[in-house]
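See structure below.
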Amino acid sequence: MADKKITQLNNITGADLADADEFVVVDITSDETKAITFNELKTAFDTGTGFVRITGDTMTGDLSFGDNDKAIFGAGSDLQIYHDGPSSHSIIAESGGGSLFIRGQGITLQNADGSKAYFGGIGDVATAYYGTSAKLATTSTGVDVTGTVTADGLTVGSATGVFPSEAIQVRGNDGTSGYINGLGLGDANDQFRIFADDTNNTGGSIKFDIRNRDRLLIEDNGNISFYEDTGTTAKFFWDASAEILDLSTGLTVGSPSNPTSSKAIVKVADSASAIQAFEVTNRVNADFVFKVESNLVTGGSTIAKPIAFMTSNTERMRIDSSGNVGIGESSPLGKLHIKGSDTGATASAQGNSLVLEDSENGLSILSSTAGAGYINFGDSSDNNVGMIVYDHSANVLKTHVNGSEAMRIDSSGALLLNPNNSTRGLKITTTQGEALGSDTTFDTIGAGYGKHIFKTDGTEAMRIESSGNVLIGTTSAYGTTGTTINQAGLVYSSANSDRAGQFDLTGNDGEIVRFTKAGATVGSIGTSLRDSQTNFYIAFDQASSDVGLGFGHASGTGRAYYPSRVDGSGVTGAISIGTSDYKYKDLYLSGGVYLGGTGSANKLDDYEESNFTATLRGSTAEPATLITVTGFATKIGRVVQYSIGFENDNTTGYTGSLTITGLPFANNGGRAIGNIVGYVGLTFTGTQSFSVLGNGTTILEAFNISSASAWNNSTHNAGTNRYFWLTGTYMTTA
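Those letters in the sequence shown? Residues 391 to 1124, per this note's numbering, in order.
As C-alpha cells, then:
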C-alpha cells in the first residue's frame, strides 16, 4: 500500500473489523509507534481494570441512569426499574404476564427519609401505619384496630330471629326494615329499638321506640314527629317542606291548671342552684320578661350576665350586664355602640349615648324628596331648642339655635348666617368654576351694615369696611399703627417704634419682592450670593436695559455698593451715574476715585481748593512790614495749580532777588516752571521772565533767560504802584 496521510485513510466499519486487524499505538515509554491487533486490544480491556465486562463483573462505584433510562430484567423486558422524568416518580414495573413478588423475613414500606412507615410485615403479622403509629394489625383471631373505624356498614352476630339476643343488630333480610335493638339487664321491658321501615317502598323512615311505644319518627322527606306518653299520637311536628314547627296543640310550660298565678318559664340551667343561662317569663296580665342572670351558689347574691346574639357561630350583638348594647362590639362604650372595625378610639362621657365606630363612618337619615330630615336637641323647657334640618324640597341645610334658624347652606352652596334677619345677616358664596372655588363672596344682608369684623379671643384683629378698605390691627384707615389695604391697591403699614414691614426669603438667594406694571416686570428687590456672602440688590428690569444697585460685599474692597444686573450679579462698564440731562449735585467721598482702571495709578484720592498767604520777599533787603496777599490753589490728586496776584503795592525797601513764599503744598516732582509777570516792579536782563519752584520747597523764585544763555535771578524794582501776577502747576506728594 502506498504511503498515505492519516487524513487520507478510509474509515473502518464494524463489518470490516476482524481480530487480526491492527491498530497503530504510540509507546510513550520507548517513544516509538507499534502495531496491536484488534484481538489483543480486546484482551487488554478484558484483563484490565476500570471496565465492566459483559460476561459478568463487580461494581465498586455507583451506576447512574438518567430520567427514563431503565434497568431491564428478563428476556421480554418484563421487570423494569427507572425514574420517570415528566412525573418525577420512581417506578418498579412488572410489564410481563407474571406477578411481582417482594420477599424478605421482614418487609416495611417507608417514606423517603425513613421517618414514617406505611405498611410492614414480619412472620404472620401484617401492620398498617399512620406515621409511626400502628393502626391496623392482623392477628390469629382477626384484626386489632387502634382508633376509630368509619365504615359503610356493620353487622354484629347473626341475622335470625325477631329480637335476637345480640346487643346490636343491623338487618335488612326482608328488604323492608332494619333494626338496632338494646336490652337492659335482661329485662325485655327495658328494651329500646331504632329501626328503618320501608314497607310501602316509599323511601323509608326511621323510628325510635322504648318499650314498644313510639317516641320519635323521622321520615325520608324530612318531617319529624314527637309522640305523647302513650306513644300513639304525634303532638310535636316539624313539617320540612313548609318549614313550619307545628305547635297547634299548644305548648304549656309551668302550671296549666292555674296560669294566672304562676309563671310560664322556659329556662336553661345547670341545676336549681347553679347558673340560669336563659329565662323567658310571662304571667297573664303582666309584663313579658326576657332575662339572663346568674344565681351564685355561695353568698346567695344575684349578678347580671350579658346576652349575646350570634349568627354563623359569630357574635353579632350583645347586651352587657349594665344594659349597654353593642353591635359588632362585645364591650360597648355607650348605651348603643355600633362598630364596623376597631379604631382604638374611646367615647367621651358627653357623647356615649350613641357610639358609631369604623375606619370610615357615617349616619344615614333617609327622607322623601318633599320631606325633611331632623336631628333635634331638647331640654325640659323646649324639646327642639336646637335643631339640624335638611329640607329635601329646597335642598337646604338649616341649623337652629335657641329655637330660631341661625345658619343655612342653600342649594347653591352659599352659607347664610342669620338668614332670616334683614339687617344682621351674612352670606358667603363660592363659584365652583374650577377644581377649587375660584371666587368666594362674603356679603352682608341689609343696607347700612356693610362691615365685616374678624376677632380672635374676643379682640378685633381685622375688619373690612363698607368702602372696601381692609384694616389689620387697627380700627381706622391709615392710622399710626396697623395695616390698611384700599380698593385702589394701596398697602399702608405703620408701626410704633418697630419696623412696619418685613419680607423674608428662605432657602436660596433670589428675588424677595417683584414690581410689575400692567403685568410686566419692571423691577425687583432681592439677594444674591457674592464671594460666599449674601448681598442685597435693587434692580430695574426692562428687556436688555436692566440696571441695578447691589449692596454688600465686593471682592478686595469690603463693604460697598456696586452696579448690578436684574439678578443682583455685578456688571462692569455698562451702567452710568447720572445722564447728560439728569445730573447729580454733589459727591462726598472720604476715599479716592479710580478713573479708567483699578490700579493705584488710576486712583484720584484728593481734591482740595485752598486759600493761602503769599508773602513777597527780597534777598538783600526787605521792609519792616512784608507785603502779603491771598493766593489760591487747587490740588487734584498730586497736581497743584496756583494763582497769586499783588496789585498796586508799594515795594519800597525790597532789594535783591524777588521770591514769594507760602505755597500750601511742597513740590515733589523736580523743578516746576511757572509764569510771572511784573508790572514796573521787576528788573531782569534777559528776554523772558518765569518762576521756578525748587524740588521739596514752597518758594517761588523769579528768573529770566535769553536765547542761548543761562538764566539769572530777576530783582526788585522797588517803588509805588507795583504789580506781580504768578500762575503755575506742579506735582506734590499724594
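Where a beta carbon is used, it is the ideal one built from N, C-alpha and C, also for glycine.
Quick caveat, the model's predicted, so the values are computed rather than measured.
Worksheet entry | Residue from D847, G848, Y882, T846 whose Cα sits closest to the Cα of V860 | By one-based count along the sequence shown, residue 860 stands at place 470. Of the candidates D847, G848, Y882, T846, the one whose C-alpha sits nearest the C-alpha of V860 is Y882.
Practice prompt. Mind checking which residues open and close the alpha helix (DSSP H) that includes A434?
Written response: The sequence position of residue 434 within the sequence shown is 44, counting from 1. From DSSP, the alpha helix (DSSP H) with A434 extends over 428-437.
Worksheet item: Quick one: what's S794 bridged to in DSSP?
Response: In the sequence shown, the residue the question calls residue 794 occupies position 404. V791, per the DSSP bridge assignment.
Item to complete: Look up S1096 in the DSSP assignment and say whether it is helix, strand or coil.
Response: Indexing the sequence shown from 1 puts residue 1096 at position 706. Residue state, collapsed to three classes: coil.
Fill in: DSSP three-state assignment for A991, whether helix, strand or coil
Position 601 of the sequence shown holds residue 991. Here A991 sits in helix by DSSP.
Item to complete: Please classify F463: is it buried, with 16 or more other beta-carbons within 10 angstroms of its beta-carbon, or exposed?
Response: Along the sequence shown, read from residue 1 onward, the residue named residue 463 stands at position 73. An exposed status is given to F463, since fewer than 16 other beta-carbon atoms sit within 10 Å of its beta-carbon.
Discussion item. Can you give me the C-alpha to C-alpha distance between R1112 and G1068, rounded to a whole angstrom?
Written reply: Locating residue 1112 in the sequence shown gives position 722, counting from the first residue. Locating residue 1068 in the sequence shown gives position 678, counting from the first residue. Roughly 8 Å separates the two Cα atoms.
Discussion item. With H, G and I counted as helix, E and B as strand and the rest as coil, what does DSSP make of G741?
Written reply: Start at 1 with the first residue of the sequence shown, and residue 741 comes out as number 351. DSSP places G741 in helix when its eight states are reduced to three.
Discussion item. Considering Cα atoms alone, identify which of D781, S794, N792, V786 is closest to L1130.
Written reply: As displayed, the chain neither begins before 391 nor continues past 1124, which places residue 1130 out of reach and without an answer.
Worksheet item: Helix, strand or coil for E901 per DSSP?
Response: Working through the sequence shown from its first residue, we reach residue 901 at position 511. Three-state result, E901: strand.
Worksheet entry | Beta-ladder partner(s) of K1025, from DSSP | Working through the sequence shown from its first residue, we reach residue 1025 at position 635. Listed as beta-bridge partners of K1025 by DSSP are E998, V1030.
Worksheet item: Got a sec? Which residues, its chain only, sit under 8 Å from N1065 by beta carbon, not counting five neighbours each side?
Response: By one-based count along the sequence shown, residue 1065 stands at place 675. Within the same chain, N1065 has close Cβ partners F1080, S1081, W1115, L1116, T1117, G1118.
Worksheet entry | For S966, the nearest candidate out of S954, G438, V1070 (CA to CA) | Against the sequence shown, residue 966 aligns to sequence position 576. Each of S954, G438, V1070 was checked against the Cα of S966, and the nearest Cα belongs to S954.
Item to complete: From the DSSP output, in three-state form, read off K460 for me.
Response: Your numbering for residue 460 matches position 70 in the sequence shown. Coil at K460, not helix or strand.
Worksheet item: Which word fits G942, buried or exposed, when buried means at least 16 other C-beta atoms lie within 10 angstroms of its C-beta?
Response: Position 552 of the sequence shown holds residue 942. Buried is the call here.
Fill in: Closest residue to K625 among I614, E633, A632 (Cα-Cα distance)
Against the sequence shown, residue 625 aligns to sequence position 235. With distances taken between Cα atoms, K625 lies closest to I614.
Practice prompt. Would you grab the beta carbon distance between S922 and E901 for me? Rounded to a whole angstrom, and I think it's under 8 Å.
Written response: Numbered from 1 along the sequence shown, position 532 holds the residue referred to as residue 922. Numbered from 1 along the sequence shown, position 511 holds the residue referred to as residue 901. Actually they do not touch by this definition, with Cβ atoms about 20 Å apart.
Item to complete: Could you name the residues of the same chain whose beta carbon sits closer than 6 Å to that of I854, not counting the 5 residues immediately before and after it, in chain order?
Response: Position 464 of the sequence shown, counted from the first residue, corresponds to residue 854. If we look at I854 and ignore the five residues flanking it on each side, its Cβ neighbours are H842, V860.
Practice prompt. From the DSSP output, in three-state form, read off D732 for me.
Written response: Here residue 732 refers to the residue found at position 342 of the sequence shown. If DSSP states are grouped into helix, strand and coil, D732 belongs with coil.
Worksheet item: By the 10 Å Cβ neighbour count, where 16 or more other Cβ atoms means buried, how is E824 classified, buried or exposed?
Response: Residue 824 sits at position 434 when you count from the first residue of the sequence shown. Confidence at E824 is low in this model, with a pLDDT of 47, below 50, so the placement of that residue should be treated as unreliable; the coordinate-derived value is given next. E824 is exposed by the Cβ-count criterion.
Discussion item. Once the 5 residues before and after I875 are set aside, which same chain residues still bring their CB inside 6 Å of it?
Written reply: Taking the first residue of the sequence shown as 1, we reach residue 875 at position 485. Around I875: V860, V881.
Fill in: Run of the beta strand (DSSP E) containing E412, from where it starts to where it stops
Stepping through the sequence shown from its first residue, residue 412 is reached at position 22. That run of the beta strand (DSSP E) goes 412-417.
Discussion item. Quick test of the definition: if touching needs 3 or more C-beta pairs under 8 Å, does the region 1102-1110 touch the region 1055-1062?
Written reply: no
Worksheet item: Relative to the alpha-carbon of N1085, which residue among G916, F627, T1122 has its alpha-carbon at the smallest distance?
Response: The residue you call residue 1085 lines up with position 695 of the sequence shown. Selected option, being the one with the closest Cα: T1122.
Item to complete: Give the straight-line distance between the Cα atoms of N773 and K725, rounded to the nearest whole angstrom.
Response: Along the sequence shown, read from residue 1 onward, the residue named residue 773 stands at position 383. Along the sequence shown, read from residue 1 onward, the residue named residue 725 stands at position 335. Taking the straight line from one Cα to the other gives about 21 Å.
Discussion item. Within 8 Å, do at least three Cβ pairs link the region 712-726 to the region 734-754?
Written reply: yes
Worksheet item: Which residues does DSSP pair with Q877 in a beta bridge?
Response: One-based indexing of the sequence shown puts residue 877 at position 487. For Q877, which the question treats as bridged, DSSP gives no partner whatsoever.
Worksheet item: Along the chain, where does the beta strand (DSSP E) that runs through P953 open and close?
Response: For the purposes of this step, residue 953 is taken as residue 563 along the sequence shown, with counting starting at 1. Start and end: 948-954.
Item to complete: Check each candidate in N811, N886, S802 and name the one with the smallest Cα separation from A796.
Response: Residue mapping note: residue 796 aligns to position 406 of the sequence shown, counting from 1. It is N811.
Discussion item. Helix, strand or coil for T1105? Go by DSSP, reduced to three states.
Written reply: As a first step, residue 1105 must be located in the sequence shown, where it is residue number 715. It is a strand residue.
Practice prompt. Output yes or no for whether 8 Å exceeds the beta carbon distance between Y1044 and G989.
Written response: For this step, residue 1044 is matched to residue 654 along the sequence shown. For this step, residue 989 is matched to residue 599 along the sequence shown. Result no, Cβ atoms of Y1044 and G989 do not sit closer than 8 Å.
Item to complete: Please work out which residues of its chain come closer than 6 Å, Cβ to Cβ, to V937, disregarding the five sequence neighbours upstream and downstream, and give them in chain order.
Response: The residue you call residue 937 lines up with position 547 of the sequence shown. Same-chain partners within the cutoff: F930, I965.
Worksheet item: Quick one, which of S884, G916, D636 has its alpha-carbon nearest D899's?
Response: Along the sequence shown, read from residue 1 onward, the residue named residue 899 stands at position 509. Per the Cα distances, G916.
Worksheet entry | Contact set for I482: own chain, Cβ-Cβ below 8 Å, skip 5 residues either direction | Start at 1 with the first residue of the sequence shown, and residue 482 comes out as number 92. Excluding residues within five positions, the ones whose Cβ falls inside 8 Å are L469, Q470, I471, L490.
Worksheet item: A1014: which of N1040, N1001, Y997 sits nearest, CA to CA?
Response: Within the sequence shown, numbered from 1, the residue matching residue 1014 stands at position 624. The candidate whose alpha carbon is nearest that of A1014 is N1040.
Item to complete: With a threshold of 16 other CB atoms inside 10 Å of the CB of A408, please say whether the residue is buried or exposed.
Response: Position 18 of the sequence shown, counted from the start, is the residue given in the question as residue 408. Result: exposed.
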